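Chemist: Please read through the structure below; I'll follow up with questions.
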Amino acid sequence: MLAAAMNPQVELNLALILFVPWFSILAWLYWAYPKQPRLAARTWFDGGALLLATLLAGWGMHWSMHNADPNAGAIWKQVLATSVAYGLFLLIMTAALLLRLRLLPRWRKAVASADA
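In this note's numbering, the protein residues as written are 633 to 748.
Structure below.
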């Protein structure tokens with residue numbers, strides 16, 4: 633019995649589809665904590681970091697699907713795509729988190745001076 637062929641769009645985006653729940657959890661944790669200070673600058677910074685991480689993960693997934701060894705088999709294209717997408721997402725989110733930790737004192741100072 634022959635297996636039904638997978639929709640090409642689903643096959644191309646399967647890694648991202650499968651990781652959307654995990655990316656969403658990580659994105660929510662990044663967005664929600666710490667709760668203060670919540671300035672416009674931080675909102676823009678966090679939103680930009682999340683957008684960049686998602687776009688780079690999507691790009692990495694597509695890049696790896698198109699550049700994987702065709703002789704390795706379909707499953708290994710998905711494994712490579714998932715690994716690259718996840719790695720890029722974590723790379724951007726880690727860099728953004730470290731940069732945000734350096735910016736938090738400045739944002740707290742801005743909130744304190746605005747409250748005074």
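Cβ coordinates follow ideal geometry from the N, Cα and C atoms, glycine included. Predicted model, so just to flag it, every value in this text is computed and none were measured.
Just to confirm, are PRO666 and VAL743 a CB contact at a threshold of 8 Å?
Modeler: No; because the gap between Cβ atoms is not below 8 Å, this pair is not in contact.
Chemist: As a quick exercise: from MET693, GLY705, ALA728, pick the residue whose alpha carbon is nearest that of SER715.
Modeler: Taking only the C-alpha atoms, the option nearest SER715 is MET693.
Chemist: Compare the beta carbon distance of LEU720 and LEU688 with 8 Å and say whether it is the shorter of the two.
Modeler: Yes, the Cβ-Cβ distance between LEU720 and LEU688 is below 8 Å.
Chemist: Enumerate, from N- to C-terminal direction, the unbroken alpha helix (DSSP H) stretches of 4 or more residues contained entirely within the segment 633–711.
Modeler: Taking only runs of at least 4 residues, the alpha helix (DSSP H) segments lying wholly in the segment 633–711 are 640–664, 672–699.
Chemist: For the putative contact between ARG732 and PHE677, defined by C-beta atoms under 8 Å, what is the C-beta separation to the nearest angstrom?
Modeler: Contact flag correct, Cβ pair sits at about 7 Å.
Chemist: Assuming the contact rule is C-beta atoms closer than 8 Å, ALA685 and ILE724 should be a hit. Round their C-beta distance to whole Å, please.
Modeler: Indeed, because the Cβ distance is near 4 Å, the residues count as touching under 8 Å.
Chemist: Report buried or exposed for LEU729, applying the criterion of at least 16 other Cβ atoms within 10 angstroms of its Cβ.
Modeler: Flag for LEU729 reads exposed.
Chemist: With the cut-off set at 8 Å, would you say ALA647 and ALA704 are in Cβ contact?
Modeler: Taking 8 Å as the Cβ cut-off, ALA647 and ALA704 do not qualify as a contacting pair.
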